[in-house]
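The listed protein sequences correspond, in order, to chains E and P. Residues in the first sequence are numbered from -17 upward in steps of one, following this note's numbering. Residues in the second sequence are numbered from 385 upward in steps of one, following this note's numbering. Idealized CB from N, CA, C, for every residue including glycine. Nothing here was measured: the structure is a model prediction, and the numbers come from that model.
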Amino acid sequence: MTSRSGLATDLRLTCKAETWAIRDALGAVESFLTAHDVRKDDIDDIQLVLAEAMTNIVRHAYPVNLDQIWLRVRLRGDRLECDLQDRGVAFDPGQLGKSLPEPATCREGGYGWFIIRSLSEGLCYSRKNGRNTLTFSVPLIAMT
Amino acid sequence: MQVSVGRAGSALVITVLEQRLDAAVALTFKEAVRDLSVTAGSPVILDLSRVEFLDSSGLGAIVGVMKMLGPERPLEIAGLTSAVRKLFRLTRMDTVFTIHDSPPDTVAVAAAE
Chain E
-17 MTSRSGLATD LRLTCKAETW AIRDALGAVE SFLTAHDVRK DDIDDIQLVL
33 AEAMTNIVRH AYPVNLDQIW LRVRLRGDRL ECDLQDRGVA FDPGQLGKSL
83 PEPATCREGG YGWFIIRSLS EGLCYSRKNG RNTLTFSVPL IAMT
Chain P
385 MQVSVGRAGS ALVITVLEQR LDAAVALTFK EAVRDLSVTA GSPVILDLSR
435 VEFLDSSGLG AIVGVMKMLG PERPLEIAGL TSAVRKLFRL TRMDTVFTIH
485 DSPPDTVAVA AAE
């Protein structure tokens, strides 16, 4: 699909399941969104949600082997639809991240799913043919 | 992971010279700050004014640094860019740390003073 300006509205990336490779993938997403005049506030949110979701894949889906992550983002009106796939260990977020860890307990982790849920909509996990798929969308509030 | 160290009055100021404090560098960030914090000074002010992106791994590392320093040397944060400020607010870590709008002027110190 293309926008009125002729730019592709979909971006597909394959990324090594490794934290430095996630940076490169997020850089590509940022360039894609900037080309579509998405505002910085929205790009910040999108980068954060994708970083959290992809870091979870690196840590939980691929605890041993270093495999790949497939990312697709699609600009649709006032939202960015995202899906992430991996072929690692099944990992259903279930109820994770439904509440924020109590700040005063100063936990060093456990914020990831809360961040994902706070900044995205329609979060959905599925497992099929040995693949995990996580889909969600990020509303583009600051879009003109 | 590049960090620099300076002093502002009695405070030790540690400046993160990276645009991203994320899962890729969280561990080396903690190690770098641990190495620098042998230098005397309290509170320890973490200058994040050059950091444009912080994720939960980076945030966790900052919380880890605070715990490592202990109650005698409180960790304070300075110079939050918009995306970093948003994450502090979202996780309510802005209620845990003393946050300064901008980093203080510093004088250089020798690393192992």
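Reduced DSSP secondary structure (H/G/I, E/B, other) of E/H18: coil
Through-space distance from E/S119 to E/G70, alpha-carbon basis: 23 Å
Where the beta strand (DSSP E) containing P/F472 begins and where it ends: Careful: P/F472 lies outside any beta strand (DSSP E), inside the alpha helix (DSSP H) at S466 to L474.
Own chain, CB closer than 6 Å to P/V409, minus 5 neighbours either side, in chain order: M385.
P/R418: contacting residues in chain E (beta-carbon distance under 8 Å): Those within 8 Å of P/R418 in chain E number zero; the least Cβ separation is about 14 Å.
Beta-carbon proximity of P/V397 to E/P85, cut-off 8 Å: no
Selection from E/Y93, E/P121 and E/L30 that minimises the alpha carbon distance to E/P75: E/Y93
Residues bridged to P/H484 [DSSP beta-bridge criterion]: P/A462
Segment limits, beta strand (DSSP E) that includes P/A410: Under the DSSP assignment, P/A410 falls outside any beta strand (DSSP E), being part of the alpha helix (DSSP H) whose first and last residues are A410 to L420.
Start-to-end residues for the beta strand (DSSP E) that takes in P/L396: A395 to V400
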